[in-house]
Amino acid sequence: MIDDAIYEYLKDCLLFDRCLNLNHSFEWTTEKVEHVKKLGVAIVEKEDLLIKKVKKLAEDYNKLFKETDTGFEDFYIEGCLRLKQNIKLPFASLEDKMRIWYKTFWEDSSVCANTDGLFRDTDDGLFLRDKNWNIERFDKKYVGDTAIPYFLHRIFVDADTYSLEDLMRISPDDFITDIVVIFRNYPDH
1 MIDDAIYEYL
11 KDCLLFDRCL
21 NLNHSFEWTT
31 EKVEHVKKLG
41 VAIVEKEDLL
51 IKKVKKLAED
61 YNKLFKETDT
71 GFEDFYIEGC
81 LRLKQNIKLP
91 FASLEDKMRI
101 WYKTFWEDSS
111 VCANTDGLFR
121 DTDDGLFLRD
131 KNWNIERFDK
141 KYVGDTAIPY
151 FLHRIFVDAD
161 TYSLEDLMRI
171 SPDDFITDIV
181 VIFRNYPDH
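Take a look at the structure:
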């Protein structure tokens with residue numbers, strides 16, 4: 001009988017092999033570079049809007065907390081940019097698609113705020129917005145100076161789940177945002 005942890009590891013290896021094989025046979029064309037460029041622009045626009053919305057919510061809630069007794073000590077806002085789950089992937093079973101999405105879920109790009117203001121984790125995609133990530137699979141020799149946002153790099157390079165072939169099946173509408181607001185009380189205060 002195979003251990004569950006070993007089984008999960010082997011499934012991850014198969015996903016990595018799928019990604020590696022599809023990337024190996026992938027050939028860059030002008031149309032594919034244009035598609036990546038369009039996705040990059042859409043991601044940056046969605047990140048900009050997400051930051052703006054989280055910042056506005058933080059300002060509104062900070063004002064509310066100063067002017068009213070809300071019954072809460074603090075709030076936390078998290079805005080996330082993520083890839084939709086229902087992407088059509090070649091050579092992937094439904095179970096594999098779910099596994100790929102779940103593993104990539106942790107690569108989401110997020111911006112957060114609380115009563116202290118707007119902040120970003122140092123390892124998330126919004127923090128690294130001022131750099132062009134046209135390296136590795138998005139190397140300049142393939143994409144030229146096309147701006148590659150870190151979020152795209154994380155999903156298609158760092159996560160080792162989605163392939164460049166998968167990328168060609170993704171549209172700007174497949175990147176979605178959500179914002180969660182949590183009001184908090186601390187029991188020992």
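Be aware that the sequence shown starts at 1, since it is given in the UniProt record's numbering, and climbs by one per residue.
Beta carbons: idealized from backbone N, C-alpha and C, even for Gly.
Reduced DSSP category for residue i - H, G, I as helix; E, B as strand; rest coil
i, result
"Asp173", "helix"
"Ile51", "helix"
"Arg18", "helix"
"Asp178", "strand"
"Glu136", "helix"
"Ala58", "helix"
"Phe26", "coil"
"residue 223", "Any question about residue 223 goes unanswered here, given that the chain covers just 1 to 189."
"Lys32", "helix"
"Ala42", "helix"
"Lys131", "coil"
"Asp160", "coil"
"Asp12", "helix"
Residue i to residue j span [Cα, whole Å]
i, j, result
"Val181", "Asp166", "32 Å"
"Leu152", "Leu50", "16 Å"
"Arg82", "Val157", "16 Å"
"Gly40", "Arg129", "11 Å"
"Lys37", "Ala147", "7 Å"
"Leu14", "Phe26", "18 Å"
"Lys140", "Asn134", "6 Å"
"Ile6", "Lys131", "38 Å"
"Thr56", "Asn21", "The residue asked about is misnamed: residue 56 is Lys in this sequence, not Thr. Rounded to the nearest angstrom, the two C-alpha atoms are 44 Å apart."
"Asp173", "Val44", "13 Å"
"Thr70", "Ala58", "15 Å"
"Asp12", "Phe65", "46 Å"
"Phe138", "Glu8", "29 Å"
"Asp4", "Ile170", "32 Å"
"Asp145", "Asn23", "21 Å"
"Asp123", "Ala42", "The predicted position of Asp123 is uncertain, since its pLDDT is 49 and thus under 50; no value can be drawn from it."
"Tyr61", "Asp48", "20 Å"
"Thr68", "Thr30", "57 Å"
"Lys52", "Lys63", "17 Å"
Contacting residues, own chain, Cβ-Cβ under 8 Å from residue i (five flanking each side not counted)
i, result
"residue 198", "Given a span of 1 to 189 for the chain in the structure shown, any question on residue 198 remains unanswerable."
"Met168", "Lys32 and His35"
"Tyr186", "Glu73 and Asp74"
N-terminal and C-terminal residue of the alpha helix (DSSP H) that residue i is part of
i, result
"Phe151", "Tyr150 to His153"
"Asp166", "Leu164 to Leu167"
"Tyr142", "Lys140 to Val143"
First and last residue of the uninterrupted beta strand (DSSP E) at residue i
i, result
"Tyr76", "Asp74 to Leu83"
Cutoff 7 Å; reference residue i; Cβ partners in own chain excluding five residues on either side
i, result
"Lys46", "Leu81, Phe175 and Thr177"
"Phe16", "Asp160"
Own chain partners of residue i with C-beta closer than 6 Å, once the 5 adjacent residues on each side are dropped
i, result
"Trp28", "Tyr142"
"Glu136", "Val157"
Residues that DSSP places opposite residue i in a beta bridge
i, result
"Arg184", "Asp74"
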